[in-house]
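Heads up: the structure comes next, in structure tokens.
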Amino acid sequence: MSTSTNSIGSDEIIRASEIGEYVHCERAWWLGHVQGVENANRAVMDAGTERHREHGQQVWRAAMMRYAAMLLFAIAVGALVVLVMRMLNVI
Numbered sequence: 017m018s019t020s021t022n023s024i025g026s027d028e029i030i031r032a033s034e035i036g037e038y039v040h041c042e043r044a045w046w047l048g049h050v051q052g053v054e055n056a057n058r059a060v061m062d063a064g065t066e067r068h069r070e071h072g073q074q075v076w077r078a079a080m081m082r083y084a085a086m087l088l089f090a091i092a093v094g095a096l097v098v099l100v101m102r103m104l105n106v107i
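In the working numbering, the protein residues as written are 17 to 107.
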């Protein structure tokens, strides 16, 4: 453990996946995190990690597309307001 009171070591951080692993099977968590036994389903876990990464990218792209759509909608509304005002000879 570090001497600084503000720093947290990586072994002190509890991740959501670790909690899920513990809830699913306490023994598997203990074997992996305390005894250091490697999981026999490493290929499946790696595939799951990759799938989560891909999903994260899809979520990010969807959020960016939503922001772009809102911006384009705002521009369209602004252009429509200007067009109507010109047709009414307001500007």
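Just so you know, even glycine gets a beta-carbon here, dropped at the ideal spot from N, CA and C.
Residue i versus residue j: straight-line alpha-carbon distance, rounded
i, j, result
"MET103", "VAL97", "10 Å"
"ALA36", "ARG58", "Here residue 36 turns out to be Gly, not Ala, going by the sequence shown. Taking the straight line joining both Cα atoms gives about 17 Å."
"ASN105", "LEU88", "25 Å"
"GLU70", "MET81", "17 Å"
"ILE30", "GLY72", "21 Å"
Helix, strand or coil at residue i [DSSP, three-state]
i, result
"GLU54", "coil"
"ARG31", "coil"
"VAL106", "coil"
Enclosing alpha helix (DSSP H) for residue i [first to last residue]
i, result
"ARG43", "42 to 49"
Short Cβ contact (9 Å threshold) for residue i with residue j
i, j, result
"GLU34", "TRP45", "yes"
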